[in-house]
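What follows is one structure encoded as structure tokens, with my remarks underneath.
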Amino acid sequence: MTASNNMNFSLRQTLAAVTKGIFQLTHSSFALIGLAVLFAAMALVARPELRQIGEIKLFTWLQERQQEVSGMVSDLVAIDRATAADPKELPKQQAAVAFWLSKKYRVAPEPISALVSEAYEIGARVKLDPTLILAVMAVESGFNPFAQSSVGAQGLMQVMTKIHSDKYQNFGGKFAAFDPLANLHVGVKVFQDCIRVAGSVEGGLKYYVGAGNMETDGGYASKVMAEYVRLQQVAQGRATPRTSPAPTLTKVITPSEPEAPAATPDKTATLAMS
15 MTASNNMNFS LRQTLAAVTK GIFQLTHSSF ALIGLAVLFA AMALVARPEL RQIGEIKLFT
75 WLQERQQEVS GMVSDLVAID RATAADPKEL PKQQAAVAFW LSKKYRVAPE PISALVSEAY
135 EIGARVKLDP TLILAVMAVE SGFNPFAQSS VGAQGLMQVM TKIHSDKYQN FGGKFAAFDP
195 LANLHVGVKV FQDCIRVAGS VEGGLKYYVG AGNMETDGGY ASKVMAEYVR LQQVAQGRAT
255 PRTSPAPTLT KVITPSEPEA PAATPDKTAT LAMS
């Protein structure tokens with residue numbers, strides 16, 4: 015019995031020692047983990063760039079996991095690149111114009127709403143009727159931001175990118191010609207310059223289409239002015255058929271009489287105005 019008691023006693027001592035060792039090791043490990051977390055937190059506070067790198071890596075990993083699960087690439091900032099707005103959030107006048115253009119040109123009301131809102135903002139700043147800006151856009155491209163003519167006029171306002179590439183530098187370069195809002199801003203600037211040189215809206219339209227030194231603009235100015243009148247009526251809340259003949263303007267600007275049809279002017283003749 016004595017030998018058996020001694021063995022049991024020794025076994026209990028051994029188990030107690032092992033248990034104590036495991037407890038101490040675990041306690042020390044938790045302490046080390048806690049210290050590691052503390053030092054990591056201090057490092058992230060002291061070095062914001064490390065936090066940014068960590069966030070990027072974590073976000074990249076989450077994107078990869080999302081792609082594996084769903085089979086699609088996740089891009090949560092795509093919404094920031096979209097040119098769109100809720101037409102219901104626009105002022106009543108702008109919303110009416112947006113819906114009318116959307117139906118006539120068969121484009122979604124959301125991107126049209128963003129363009130209408132921007133046109134009104136630019137127009138107020140440069141003292142140019144926003145419905146005139148929209149009329150130019152409508153005739154030039156039919157609201158296709160990727161349109162390109164045979165002579166190289168590009169985007170919504172069909173700006174000659176090669177001639178006016180300097181104006182796109184403020185928007186990151188010539189490829190901004192295909193960004194709807196950038197093209198709108200540059201197109202308005204070019205149109206302003208054309209009006210200033212010609213001395214009138216109709217004359218400015220003739221320069222804008224590249225027919226400044228030609229006898230006729232092929233009816234371009236008349237088309238723009240007709241659409242301008244229709245958009246004015248829409249903005250005033252009047253029922254306006256989308257294909258009706260243009261009535262006489264009630265404002266100072268009066269549409270010119272349509273000229274005999276001629277060949278479409280070569281837009282490369284547009285002046286490289288500053």
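Under our numbering, think of the first position of the sequence shown as 15, with each following residue one higher. C-beta atoms are modelled at their ideal positions from N, C-alpha and C, and glycine is treated no differently.
Expected contact under 8 angstroms - CB spacing of residue i and residue j to nearest Å
i	j	result
S127	A99	4 angstroms
Y119	F157	5 angstroms
A138	G251	Not really, about 20 angstroms apart at Cβ, beyond 8 angstroms.
For residue j and residue i, the rounded distance between their alpha carbons
i	j	result
N184	E135	18 angstroms
H178	A92	29 angstroms
G169	F189	10 angstroms
E63	K71	12 angstroms
M228	Q66	59 angstroms
K237	E103	30 angstroms
D207	V83	54 angstroms
T97	L129	8 angstroms
G166	A196	17 angstroms
G186	K176	15 angstroms
A161	G85	32 angstroms
T254	F205	26 angstroms
A235	G213	14 angstroms
K265	D180	Note on K265: pLDDT 30, under 50, position unreliable in the model; no value is reported.
A296	G232	As shown, the chain starts at 15 and ends at 288. That puts residue 296 outside it, with no answer to give.
P105	L90	29 angstroms
V121	S164	23 angstroms
E132	T230	31 angstroms
P101	A191	25 angstroms
From the options, residue whose alpha carbon lies closest to that of residue i
i	options	result
M171	L245, V215, K203	K203
G201	S164, P159, A249	P159
R256	P101, D94, V83, A112	A112
Q246	T145, G224, A212	T145
D94	K176, V140, D193, L148	D193
V215	L104, A110, D143	D143
I147	L198, V223, G187	L198
R210	W114, A253, P105, V140	V140
V173	A110, A253, G137, V223	V223
V248	D180, D89, Q107	Q107
A149	W114, S164, S163	W114
is_contact[residue i, chain D] using C-beta, thresh 8 angstroms
i	result
G169	Structure shown: chain D not included; a single protein chain is present.
Bridge-paired residues (DSSP) for residue i
i	result
M174	A167
Q162	Q168
Are the stretch 146-159 and the stretch 235-242 touching, with three or more C-beta to C-beta distances below 8 angstroms?
yes
The stretch 214-222 contacting the stretch 119-126, beta-carbon criterion three pairs below 8 angstroms:
no
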